[in-house]
Amino acid sequence: MPQTRVVVVGSANMDLVAMAPALPRQGETMLGTDFVMVPGGKGANQAVAAARAGASCAFLGAIGSDAFGVTLKARIAAAGVDTSQLRVVYGTSGVALVMVNAQGENAIVVTPGANDTLTGLTDEELATVREADVLVAQLEIPVRTVAAAAVAARAAGTRVILNAAPARDLPPELLAAVDLLIVNEGEARTFVGRGREEPRALLDLAPRAVLTLGGEGAWYVDREGAQVHIPAVPVQVVDSTAAGDAFTAALAVGWGEGRDVVDAVRWASAAGAACVRRLGASVALPRRAEIDELYQPG
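Under UniProt numbering, the letters of the sequence shown match residues 1 to 298, in that order.
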């Protein structure tokens with residue numbers, strides 16, 4: 001089977017992750033139990049996850065000229081991602097401060113740094129988008145850049161998957177180019193005012209949508225009438241930080257390889273489950289064999 005070509009446009013951050021028994025309340029200082037510093041950012045995570053899931057993947061984004069940027073590029077490239085067009089700009093890289101409690105729940109503060117400089121795409125970057133089988137994007141970079149990538153992809157016949165996180169205003173030209181929308185329940189309520197009680201409301205935004213519900217699985221809906229609940233794969237949760245990124249990337253790879261979209265969601269659910277078993281973001285993203293091990297066909 002030919003290797004699927006996935007292009008990810010998005011953010012790259014250094015994640016500073018602290019484990020503690022509980023998430024601190026406002027004004028509270030708490031002793032933690034562990035600390036790791038790992039590459040993250042939704043774009044970089046999804047690029048690494050796509051490569052580990054078996055795709056040929058290129059990442060379009062921006063890092064700073066600081067030490068974090070050097071480490072980010074080296075780690076992303078080491079995962080098998082093409083970073084030849086990853087921009088290096090003077091200043092700080094994006095940084096995410098992540099707190100994780102004993103149940104694997106998290107609270108995150110992100111400072112965008114270099115990610116905010118990605119205010120457009122070059123002709124070379126747009127050509128890379130057009131040559132892909134699937135474009136994957138999120139909303140941690142300027143929205144107009146996401147829209148430009150999506151419009152170029154749609155014109156070239158490249159599938160467009162938008163993980164609309166964090167929730168932001170979506171311009172009409174971006175929505176018109178999206179083939180499949182992925183959101184969690186909080187994002188769904190921000191966009192359409194409804195969540196699990198009416199996942200089909202998301203079809204006001206895109207022709208296909210996936211509503212992720214963590215340990216309660218996911219809903220897939222489309223304008224042809226499908227409404228399918230995919231149960232979560234039961235595993236011991238250590239850290240849920242990058243589960244959504246593993247899910248999105250695996251869905252892109254599976255769909256690009258020719259799985260029907262519902263089966264691709266099932267495979268993506270296995271990827272998310274494999275991810276939450278380890279601490280950290282990019283270091284927890286599963287390889288293809290781990291996904292296949294947990295995959296549960298319908």
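All C-beta atoms, glycine included, are put in the ideal place defined by N, C-alpha and C.
Taken in chain order, the complete beta strand (DSSP E) segments of 3 or more residues contained in the region 5-31 are 5-9 and 13-19. Between Thr4 and Asp133 a beta carbon distance of about 5 Å is seen, short of the 8 Å cut, so the two are scored as contacting.
Every unbroken stretch of the beta strand (DSSP E) spanning 3 or more residues and falling wholly within the region 114-189 is given here in chain order: 134-137, 159-163 and 180-184. If you check the CB distance, Gly195 and Glu185 come in under 8 Å. A direct Cα-Cα distance of roughly 7 Å separates Gln296 from Arg266. Boundaries of the alpha helix (DSSP H) around Ala271: Val261 to Cys275. The Cβ neighbour count for Ala96, taken over all protein chains shown within 10 Å, is at least 16; the residue is labelled buried.
Taking C-alpha positions only, Thr119 is separated from Ala79 by approximately 26 Å. In this chain, the beta strand (DSSP E) harbouring Gly94 covers Gly94 to Val100. For the 8 Å CB-CB criterion, Arg189 and Leu203 do not form a contact. Taking all protein chains in view, the Cβ of Glu125 is crowded by 16 or more other Cβ atoms within 10 Å, so the residue is classified as buried. Ala55 is the residue among Leu23, Met14 and Ala55 whose C-alpha sits nearest the C-alpha of Gly258. Burial state of Tyr90 is exposed, judged by a 10 Å Cβ sphere holding fewer than 16 other Cβ atoms.
Relative to the Cα of Arg52, the nearest Cα in the group Val36, Gly298 and Gly254 belongs to Gly254.
Counted as a single uninterrupted DSSP element, the stretch harbouring Asp34 is not any alpha helix (DSSP H) but the beta strand (DSSP E) occupying residues Asp34 to Gly40. Contact between Asn106 and Ser240 is confirmed by a C-beta separation of about 6 Å, below the 8 Å threshold.
As the crow flies, the alpha-carbon of Leu135 is around 7 Å from that of Thr158. Take Leu121, set aside five residues on each side of it, and the residues of its chain with a beta-carbon closer than 8 Å to its own are Val9, Leu60, Val129, Thr145, Ala148, Ala149 and Ala152, in chain order. In this structure, DSSP gives Val210 an extended state, which the three-state scheme calls strand.
Contact check between the region 7-23 and the region 208-217: fewer than three CB pairs, one atom from each, fall below 8 Å, which does not count as touching. Distance from the CA atom of Ala50 to the CA atom of Glu197, rounded to whole angstroms, is 31 Å. A straight line joining the alpha-carbon of Val100 with that of Ala22 spans about 8 Å. Pairing Leu251 with Thr111, the inter-Cα distance amounts to about 28 Å.
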